[in-house]
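Protein chains in written order, with our numbering: chain A, 227 to 874; chain B, 227 to 874. Just so it is clear, CB atoms sit at the ideal spot from N, CA and C, and this is done for glycine as well. Computed from a prediction, not measured in an experiment: that's the story for all the values here.
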């Protein structure tokens, strides 16, 4: 019973949220720790010296987090029992990671935070991984599709090597002394260079450029590049998608089945427990079953959503006092799968016929449409002024008309809010999520507008709110005004074909957690590795303050000319953005080339690895998830079941 | 009976091939017709004046083709009958297209080929489309998925507009007189410009560049771009893939079913005809069935592959003389689905034990391995010399050792060829496709090597074959030598996981015809439209001969600096390559920008349309086909059925 108590307490909301927060905290530390991201820009030319936390502060927070994890692992260990613990690889790894982290922490503190390498940072994402069963499943799924992916990878490698040697030969032949082949000099000078060129072409990031010198010389050379891109990028890369999707589909389906099976087993066990109690009292073999009263008693203590509990209780009441058989008992729990339609509170009752008419008018959906049209007008007015002001110097812009218009629109929004509250009653108003969103925006707008008026006075010709800090209050008003556009998104579900798409997207977002988690883990690990490898290698050019002169010497398309200075690994936030840019793949050859020059040719390995993990594997995985969800929802056969990804 | 004869004749191989060739010919005309592609390069700086065919030559060929189509449509019309003809939209359209083409042709000839617009060129791809039932089906499938795609397109448009206005506001606020926001000046100057920037970002083609000015100023701006890319490129674009895949899957499945159903109906009808004949003779209702003899007689006249006919006849013989029931009759035709294992001719029998041993040795598969190893050695030697010669001026390269090595390798290949022919017999040798390929390569190599030796003499130190024309014989030898690498591809099916992937790919290639056809149609139409819109608009810069000076003035990343001169629409072949480059999407903003400057802002519409059709729709369609084929083949359930795409 004590372990039951502990179990309940451990899986209570409070405990789980504390754990999640701790994980978030320890991951978040990376932004503040020594290569601190607390500067305004990551650009090496303009970057100020960041604030460095004193030694011990971050370490203190970290120790607290680690202690929470120690408590977590001990509770988990106690709950599953020692023999299970030994067999559970994840728990063992958890323990190991904790021990290593604590040892590393001690070393770090004893060296006064001057240690060159922090092992424990690399290990931190493990805590996130370990806490989500869905992420573990996805990882397992990825691992099981690795052999197939390796075979396509091998095909890709063969394809690359073949075309590299063929290309090198092709651009070497027919070379004369006077005119060395420009294509060879630019992209096929040596074997590694040619390989890089074609690898980048595989991602299409240097597409027309790589073929320009040869193609300018002779049309026929284009065939080489087109065939290469077709086979590599169109065929083999998509084959990879197919393989991942195939594995993924089967795997998630199976995990859904086991999850359903487990629940059935659980309810069956509950049934056995509840019915055996009756068996002791009555002992007639025919009357085996669960008494609804007992069931209801147990139900009171179970943690579940109120609406679900209500539905189950109603279902049980409908059996009034006859014993529940095993089948009926199972059926009762099917209620859990049904989503509950939320009921809105009743509208307030008004006596006067005038008020009743007003209520009818303002609660009608045409009133919503009117609001949308007004919001559209607001948006159009903003756009018109944007276009008009585009070529005007900031000093000469006249905000008078816009100021007046904004006042009017905000007045309308406030009026709409009040009328709706009047028509639906305060609670009725808040029971629609869309109204909550509108109301929130309106209140923010109102507060901002009032403070704008208070600070700058009422709009008059040549009225020009001045800037205070980064954004003036007036600018804030306009930005928030823009957010009113989100009202339009409410129209979408009213259109039939859109509704399906949107509901799929919304359903997807729920199932996205595991994938987001894996992305976070991958980004975190690579960012930390990148920081320890490349920190401080990109140095600001001479002539720090002005741009043009430093630029003139750099050749077109180079890191320096494109001013990619902010794409470095000097702190965590900058590393994340750099990794994102490489993941998006476009122009990654620029970063590849820059790091080859600044650091060394081995840096390519890091970037290619990151490309493989993020762009090839993760993006395909994401596509697979999307396909899976979408097809599942659109499949007319299994319309009843919950979507595949929602298993936890 | 006459129409039956005509039917047979029309669907005979000869007739169908003539038709296919005519279609190919009329499509191919575009390369030679007035903006002729018969120049060495498409680069406007170096392009010589192309050969223009005299008026009447191409038109004569075209008339011949059109007459063939007239014959085709009249035969088809006769076969389906007039009432069917009226209801068949495809045939009516065919007739219309032919009439329009002929009228246009007359106009063209009467104007002495100087007419400004040639309608009929645009209509030509219709002939290709009309001739393939699979392509029609695919088109229908695309049309049925258009509504769903439109809804995602609408979402995309909303997404774009929202972020455009939001971005414009964001980069306008907080602007001061002295420092106008650099991001706004570069990418968000006006509404159309901002829209283009974000549309290009949707394809990730300007990824890091577009965020650099803002990101250099403040880290937080990166969030705007990352969120935009995530929603647009990762979410909505992949949703489009899912929608197309979903439609496609269902549609192809259905077409497979109807196709199977039709075949069953056909065999059933054949059964009824054959069995009724017997009914007249015997008239016993129990003994309804087909006599194997009758069946075999009919079978003799049917056109089908010999191996299939053999298999069916064997099956029928196994029923020796009992009447075939309807079920058995159907089952006989299942043989058609089974692929037949080709038998190799017997090896020649030698008497002497020495010869027998030799035969055993050289027909053993270890001998193949040895050949592969030698070929690998050949490849390695080529690579070594490539790397070694990379930095040497062409004049100083010494080809002596390589010449010797090549001689040796070619000798070995010839020897291998002879030994294999000896071991397997000439027909046995040719029955393996891989051997045919090897033999062909070896013969080409042998001829080339002999002529090289004849021209340049035997290799000696400082031996240096001189260039004759574009490629010297010696270079040809080396290139063909490279092709020997394809031998290695034979190893792949020996590896288990690779075999699966490769077999899928090979199966896919068979089903790719319809997709390739649609791609050809789309490319053709857009290329012709592009030629009539943009021909001659890109003009060579001053200082035609030298490069560097013309370049210096152009800003980095512009069409002129990147020397994209060859990406124009001045002739058909150049237009195809330009369209390909836009389809691959990378750096397409450069071409977009150049045509906006040279032609006008409306040119954007053309390119965006092409991007939508090719990159968005076609590439997704291709991915859908690939997924469909792959999943079908890997699905353990329907392992017996033919893959979905193989229906004709």
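Legend entry - Reduced DSSP category for residue 550 of chain A - H, G, I as helix; E, B as strand; rest coil: strand
Legend entry - With 16 other Cβ atoms within 10 Å as the buried cut-off, status of residue 591 of chain A: exposed
Inset, instruction - Check the Cβ-Cβ distances between residue 783 of chain A and every residue of chain B, and say whether any is below 8 Å. - result: yes
Inset, instruction - Reducing DSSP to helix, strand and coil, say where residue 754 of chain A ends up. - result: helix
Inset, instruction - Along the alpha helix (DSSP H) that carries residue 278 of chain A, what are the first and last residues, could you check? - result: Premise fails: residue 278 of chain A is in no alpha helix (DSSP H) and is neither H nor E.
Legend entry - The alpha helix (DSSP H) enclosing residue 787 of chain B, as first and last residue numbers: Counting along the chain, residue 787 of chain B falls outside any alpha helix (DSSP H), and DSSP gives it neither H nor E.
Legend entry - CB contact below 8 Å: residue 790 of chain A versus chain B: yes
Inset, instruction - Can you tell me which of the three DSSP states residue 874 of chain B falls into? - result: Reliability of the predicted coordinates at residue 874 of chain B is poor, the pLDDT of 33 falling under 50, and the value obtained from them is presented with this limitation in mind. Reduced to three states, the DSSP call for residue 874 of chain B is coil.
Inset, instruction - State the Cα-Cα distance for the pair residue 493 of chain A and residue 731 of chain A, rounded to the nearest angstrom. - result: 32 Å
Legend entry - residue 180 of chain B vs residue 756 of chain B beta-carbon contact at 8 Å: The first residue shown for chain B is 227 and the last is 874, placing residue 180 of chain B beyond what the model contains.
Legend entry - Three-pair Cβ contact test at 8 Å for the segment 811 to 820 of chain A versus the segment 419 to 435 of chain B: yes
Legend entry - Distance, residue 236 of chain A Cα to residue 668 of chain A Cα: 41 Å
Inset, instruction - Go through its chain and collect everything with a Cβ distance to residue 357 of chain A's Cβ below 7 Å, but skip five positions before and after it. - result: 245, 249
Legend entry - Where residue 443 of chain B meets chain A, residues with beta-carbon distance less than 7 Å: 267
Inset, instruction - List the residues of chain B that residue 395 of chain A touches, going by C-beta distances under 9 Å, in chain order. - result: 608, 612, 701, 704, 705, 707, 708
Legend entry - Min CB distance residue 434 of chain A to chain B below 8 Å: yes
Inset, instruction - Could you tell me which of B:793, B:821, B:704 sits nearest to residue 269 of chain B, measuring between CA atoms? - result: B:793
Legend entry - Neighbourhood of residue 382 of chain A by C-beta distance below 6 Å, restricted to the same chain and skipping five residues each side: 462
Inset, instruction - Give the single residue among A:672, A:851, A:703, A:264 whose Cα lies nearest to the Cα of residue 740 of chain A. - result: A:851
Inset, instruction - Compute the beta-carbon to beta-carbon distance between residue 806 of chain A and residue 452 of chain B, rounded to the nearest angstrom, for a pair I have assumed lies under 8 Å. - result: 6 Å
Inset, instruction - Below 8 Å on the Cβ atoms is my guess for residue 783 of chain A versus residue 808 of chain A; work out the distance and round it to an integer in Å. - result: At roughly 17 Å, the Cβ-Cβ gap does not stay under 8 Å, so residue 783 of chain A and residue 808 of chain A are not in contact.
Inset, instruction - Let me know if residue 873 of chain B comes out buried or exposed under the rule of 16 or more other beta-carbons within 10 Å of its beta-carbon. - result: For residue 873 of chain B, the predicted structure reports a pLDDT of 35, less than 50, and the residue's modelled location is therefore unreliable. A value from the coordinates is still provided. Looking at its Cβ environment, which holds 16 or more other Cβ atoms inside 10 Å, residue 873 of chain B is buried.
Inset, instruction - Residues of the segment 359 to 393 of chain A with a CB closer than 7 Å to any CB of chain B: list them in chain order, please. - result: 373, 374, 377, 378, 380, 381, 388, 391, 392
Legend entry - First and last residue of the uninterrupted alpha helix (DSSP H) at residue 337 of chain A: From DSSP, residue 337 of chain A is part of no alpha helix (DSSP H); its letter is neither H nor E.
Legend entry - Where residue 806 of chain B meets chain A, residues with beta-carbon distance less than 7 Å: 452
Inset, instruction - Whole angstroms is fine: what's the gap from residue 763 of chain A's alpha carbon to residue 825 of chain A's? - result: 7 Å
Inset, instruction - Could you tell me whether any Cβ in chain B is nearer than 8 Å to the Cβ of residue 260 of chain A? - result: no
Inset, instruction - Verify the CB distance criterion: does residue 241 of chain B have a CB-CB separation below 8 Å to chain A? - result: no
Inset, instruction - Using beta-carbon positions only, say whether residue 283 of chain B and residue 299 of chain B come within less than 8 Å of one another. - result: no
Inset, instruction - Would you identify the three-state DSSP class for residue 267 of chain B, choosing helix, strand or coil? - result: coil
Inset, instruction - Please confirm if the segment 342 to 350 of chain B is in contact with the segment 374 to 390 of chain B, defined as three or more CB-CB distances below 8 Å between the two stretches. - result: no
Inset, instruction - Check the Cβ-Cβ distances between residue 229 of chain A and every residue of chain B, and say whether any is below 8 Å. - result: no
Legend entry - Span of the alpha helix (DSSP H), counted from its first residue to its last, around residue 803 of chain A: 798 to 810
Legend entry - Within-8 Å CB hit, residue 750 of chain B to chain A: no
Inset, instruction - Please confirm whether residue 608 of chain B and residue 488 of chain B have their CB atoms less than 8 Å apart. - result: no
Inset, instruction - Name, going along the chain, the residues of the segment 847 to 858 of chain A whose beta-carbon falls closer than 7 Å to a beta-carbon of chain E. - result: The structure shown contains no chain E; its protein chains are A and B.
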